[in-house]
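Chains as they are written, first to last, in this note's numbering: chain E, 1 to 278; chain Z, 1 to 278.
Glycine included, C-beta positions come from ideal geometry on N, C-alpha and C.
Below is one structure, written out as structure tokens; the observations come after it.
Protein chains: 2
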Amino acid sequence: MEEMNQSQQHQNSAIKPIIPIRFIVKLGGAAITCKNEFEKINEEALETVSLQLRQAMMSGSSSGKSLGMDWSKRPGISETPSVDEDFRDQPVFDSGSFIVVHGAGSFGHFQASRSGVHKGGLDQPLVKAGFVATRISVTSLNLEIVRALARECIPSVGMSPFSCGWSTRERNIVSADLSMVTKAIDSGFIPVLHGDAVLDASLDCTILSGDVIIRHIAEQLKPEFVVFLTDVSGVYDSPPTEPNAVLLKEIAVREDGSWFVVKPKLEDMNRQDNCSIS
Amino acid sequence: MEEMNQSQQHQNSAIKPIIPIRFIVKLGGAAITCKNEFEKINEEALETVSLQLRQAMMSGSSSGKSLGMDWSKRPGISETPSVDEDFRDQPVFDSGSFIVVHGAGSFGHFQASRSGVHKGGLDQPLVKAGFVATRISVTSLNLEIVRALARECIPSVGMSPFSCGWSTRERNIVSADLSMVTKAIDSGFIPVLHGDAVLDASLDCTILSGDVIIRHIAEQLKPEFVVFLTDVSGVYDSPPTEPNAVLLKEIAVREDGSWFVVKPKLEDMNRQDNCSIS
Numbered sequence: 001m002e003e004m005n006q007s008q009q010h011q012n013s014a015i016k017p018i019i020p021i022r023f024i025v026k027l028g029g030a031a032i033t034c035k036n037e038f039e040k041i042n043e044e045a046l047e048t049v050s051l052q053l054r055q056a057m058m059s060g061s062s063s064g065k066s067l068g069m070d071w072s073k074r075p076g077i078s079e080t081p082s083v084d085e086d087f088r089d090q091p092v093f094d095s096g097s098f099i100v101v102h103g104a105g106s107f108g109h110f111q112a113s114r115s116g117v118h119k120g121g122l123d124q125p126l127v128k129a130g131f132v133a134t135r136i137s138v139t140s141l142n143l144e145i146v147r148a149l150a151r152e153c154i155p156s157v158g159m160s161p162f163s164c165g166w167s168t169r170e171r172n173i174v175s176a177d178l179s180m181v182t183k184a185i186d187s188g189f190i191p192v193l194h195g196d197a198v199l200d201a202s203l204d205c206t207i208l209s210g211d212v213i214i215r216h217i218a219e220q221l222k223p224e225f226v227v228f229l230t231d232v233s234g235v236y237d238s239p240p241t242e243p244n245a246v247l248l249k250e251i252a253v254r255e256d257g258s259w260f261v262v263k264p265k266l267e268d269m270n271r272q273d274n275c276s277i278s
Numbered sequence: 001m002e003e004m005n006q007s008q009q010h011q012n013s014a015i016k017p018i019i020p021i022r023f024i025v026k027l028g029g030a031a032i033t034c035k036n037e038f039e040k041i042n043e044e045a046l047e048t049v050s051l052q053l054r055q056a057m058m059s060g061s062s063s064g065k066s067l068g069m070d071w072s073k074r075p076g077i078s079e080t081p082s083v084d085e086d087f088r089d090q091p092v093f094d095s096g097s098f099i100v101v102h103g104a105g106s107f108g109h110f111q112a113s114r115s116g117v118h119k120g121g122l123d124q125p126l127v128k129a130g131f132v133a134t135r136i137s138v139t140s141l142n143l144e145i146v147r148a149l150a151r152e153c154i155p156s157v158g159m160s161p162f163s164c165g166w167s168t169r170e171r172n173i174v175s176a177d178l179s180m181v182t183k184a185i186d187s188g189f190i191p192v193l194h195g196d197a198v199l200d201a202s203l204d205c206t207i208l209s210g211d212v213i214i215r216h217i218a219e220q221l222k223p224e225f226v227v228f229l230t231d232v233s234g235v236y237d238s239p240p241t242e243p244n245a246v247l248l249k250e251i252a253v254r255e256d257g258s259w260f261v262v263k264p265k266l267e268d269m270n271r272q273d274n275c276s277i278s
């Protein structure tokens with residue numbers, strides 16, 4: 001857990017949204033990108049995820065026609081944007097109160113590891129360049145995810161932790177103003193955050209992962225659920241690529257943070273098949 | 001001028017950067033995009049501008065080799081990024097203390113005007129969709145400008161006013177925390193801001209133009225210079241496309257904000273030829 005002094009805690013005290021948060025959804029980098037292919041989005045998986053998210057967000061309201069919110073050019077698709085005239089007659093889409101956080105997958109990792117951004121040291125030209133290059137790569141992915149969600153009529157708005165003023169000290173979050181995230185939610189938008197290169201008070205800079213972002217938001221905004229979408233079925237007792245890996249169906253967490261496996265019981269070690277998110 | 005109450009003024013009180021700001025540079029939308037072609041960047045002009053900015057930023061330090069900071073894929077250019085090994089031996093590039101703000105040109109305008117985002121009303125589906133679509137378009141342009149600057153070794157970091165928490169009331173800025181902008185400058189980066197769709201306390205939402213952003217930053221951070229790069233030579237006495245338009249070479253501004261033309265004198269009305277920024 002992060003250690004924070006009083007002033008740091010003050011910086012982190014979020015303005016609670018008027019609408020309580022239902023879900024934080026983590027889109028795992030492995031699920032939405034082709035992890036072994038440099039800066040390649042898994043278009044099919046991203047499309048499926050966007051559709052599923054729309055269905056989850058619209059649960060309770062009419063399924064209706066999906067009216068896209070991405071009116072920009074797409075390479076190789078169309079030169080002219082289409083704006084559906086039906087928007088004028090469409091009821092406002094109640095998107096619930098979701099926050100999306102995504103990982104980097106095959107975006108950002110190359111730039112970050114090549115330059116050592118996570119270790120800090122902005123006085124080194126390679127680190128400084130790597131910081132810029134990493135942010136270019138992860139914000140490119142963020143933009144594509146915002147666009148994919150917008151095409152499914154999800155009113156998504158990209159929010160980069162670095163530009164939102166999030167920063168760390170020895171890789172622990174010390175400043176993370178969530179007021180803009182909550183204002184966006186209260187205005188009916190879905191904030192889309194991502195793992196990012198950020199400033200660090202002791203190291204100069206580092207990498208803030210999507211998982212750390214989620215932990216922080218969850219602590220502050222107390223969502224009903226945190227959902228992790230990844231390319232395997234869940235948490236396993238060993239790497240899921242191993243033939244005898246067992247899917248842990250239920251894990252209980254005690255008040256003190258310790259945990260134990262509820263299902264399967266130790267004698268009930270049935271194998272589970274991995275399945276893709278798409 | 002904006003009217004602000006004490007609490008709003010407090011929100012606007014910026015943490016002054018340790019390094020004083022030398023320049024705010026406005027990249028006019030007309031200069032860096034093909035204004036009559038939907039979402040088309042004027043690549044040649046942007047490249048020239050980026051080179052000129054690098055030369056201006058590096059004045060006083062060795063011109064040296066330019067080592068690119070964009071290590072991402074570029075459509076139609078190369079599938080593999082190149083990271084110059086020379087970075088290890090490169091002295092840290094002192095980029096001075098610049099802020100870049102750009103307009104939208106042929107990005108964002110279609111989406112904003114089609115939906116009427118500037119007039120507000122997020123309860124209307126078309127406005128809400130237009131807000132999302134406008135942000136997608138202007139952040140796409142922002143990313144491309146950050147990349148073009150990074151290719152010229154300018155350590156640029158994109159910062160969207162919306163996600164930085166900038167907001168307005170009746171289109172006047174009421175909240176604009178510059179602390180992240182100044183922190184980025186103090187860490188040796190060049191913040192790149194842009195005209196954006198933002199939340200508005202009375203209208204729900206509106207468009208915040210690059211020029212209003214510049215006025216606000218200039219008031220707060222008192223740069224030595226504000227430089228406007230556009231597709232004409234300067235301020236004219238009539239639309240510069242008109243054959244008798246006269247370039248106003250020097251305009252003086254009085255303490256009370258009123259102004260008068262110093263050069264040319266009224267009897268000295270020589271015609272000036274327009275010239276492109278590129």
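Determine whether the Cβ of L143/E lies closer than 9 Å to any Cβ atom of chain Z.
It does; some Cβ of chain Z falls within 9 Å.
With 9 Å set as the bound, which would you pick, yes or no: does the beta-carbon of W259/Z sit closer than that to a beta-carbon of chain E?
Taking Cβ atoms only, chain E never reaches closer than 9 Å to W259/Z, which makes this a no.
Between which two residues does the alpha helix (DSSP H) harbouring P125/Z extend?
Counting along the chain, the alpha helix (DSSP H) containing P125/Z begins and ends at P125 to R151.
Could you give the distance in angstroms between the alpha-carbon of S140/E and the alpha-carbon of S258/Z?
So the two alpha carbons sit approximately 44 Å from each other.
Would you give the residue range spanned by the alpha helix (DSSP H) that R215/E belongs to?
Counting along the chain, the alpha helix (DSSP H) containing R215/E begins and ends at G210 to L221.
Taking all protein chains shown into account, do 16 or more other C-beta atoms lie within 10 angstroms of the C-beta of V182/Z, making it buried, or fewer, making it exposed?
Contrary to the premise, residue 182/Z reads as Thr rather than Val in this sequence. Buried: at least 16 other Cβ atoms inside 10 Å.
Please name the residues in the stretch 25-43 of chain Z whose beta-carbon is closer than 9 Å to at least one beta-carbon of chain E, in chain order.
So the close ones are F38, E39 and K40.
Mark E152/Z as exposed unless 16 or more other C-beta atoms lie within 10 angstroms of its C-beta, in which case mark it buried.
It counts as buried.
For my contact list, F225/Z and A197/Z are in at a C-beta cut-off of 8 Å; report their separation, rounded to the angstrom.
That belief does not hold up - the Cβ atoms of F225/Z and A197/Z are roughly 29 Å apart, past 8 Å.
Under the three-state reduction of DSSP, which class applies to T230/Z: helix, strand or coil?
It is coil, neither helix nor strand.
Where does A197/E sit, in a helix, a strand or coil, going by DSSP?
A197/E: strand per DSSP, three-state reduction.
Let me check understanding here. Comparing Cα to Cα, which of S97/E, G116/E and K249/E lies closest to F189/E?
When each option's Cα is compared against that of F189/E, the closest is S97/E.
Mapping the DSSP letters down to three states, classify S115/E as helix, strand or coil.
If DSSP states are grouped into helix, strand and coil, S115/E belongs with the helices.
Under 9 Å between the Cβ atoms of D177/Z and G158/Z?
Going by C-beta atoms, D177/Z is not nearer than 9 Å to G158/Z.
Taking 9 Å as the cut-off, decide whether the C-beta atoms of A56/Z and N42/Z are in contact.
For A56/Z and N42/Z, no; Cβs fall outside 9 Å.
What separation, rounded to the nearest whole angstrom, lies between the Cα atoms of S50/Z and F228/E?
Rounded to the nearest angstrom, the two C-alpha atoms are 41 Å apart.
So the alpha helix (DSSP H) T33/Z belongs to, where does it begin and stop?
No alpha helix (DSSP H) contains T33/Z, which DSSP labels as neither H nor E.
Taking only the alpha-carbon atoms, compute the straight-line gap between V192/Z and K263/E and give it to the nearest angstrom.
In a straight line, the C-alpha of V192/Z is about 51 Å away from that of K263/E.
Which residue wins for smallest C-alpha separation from V246/E, given the options V253/E, D231/E, K265/E and E255/E?
Looking at the Cα atoms, K265/E is the closest of the given residues.
Strictly below 7 Å CB to CB, what residues from chain Z border D70/E?
The answer, in chain order, is A133 and I136.
Over the uninterrupted alpha helix (DSSP H) stretch that includes S179/E, give me the two end residues.
Per DSSP, S179/E belongs to the alpha helix (DSSP H) from S179 to D186.
Since K16/E meets chain Z, which of its residues come closer than 7 Å, beta carbon to beta carbon?
In chain order: nothing, as chain Z lies at least about 16 Å away.
So, is the C-beta of K119/Z closer than 9 Å to a C-beta in chain E?
False, the Cβ-Cβ gap to chain E never drops below 9 Å.
How many Å lie between G116/E and R169/Z at the Cα?
Each residue's alpha carbon lies about 43 Å from the other.
Alpha carbon to alpha carbon, what distance is there between S209/Z and G195/Z?
Taking the straight line from one Cα to the other gives about 4 Å.
By how many angstroms is the C-alpha of V101/Z removed from the C-alpha of I213/Z?
When rounded, the distance between both Cα atoms is 8 Å.
Between which two residues does the beta strand (DSSP E) harbouring V49/Z extend?
Run containing V49/Z: none in the beta strand (DSSP E); it sits in the alpha helix (DSSP H), E43 to M57.
For the stretch 199-225 of chain Z, which residues have a beta carbon sitting closer than 9 Å to at least one beta carbon of chain E?
Correct list: L199, D204 and C205.
Counting only beta-carbon separations shorter than 9 Å, does V146/Z have a partner in chain E?
Closer than 9 Å: yes.
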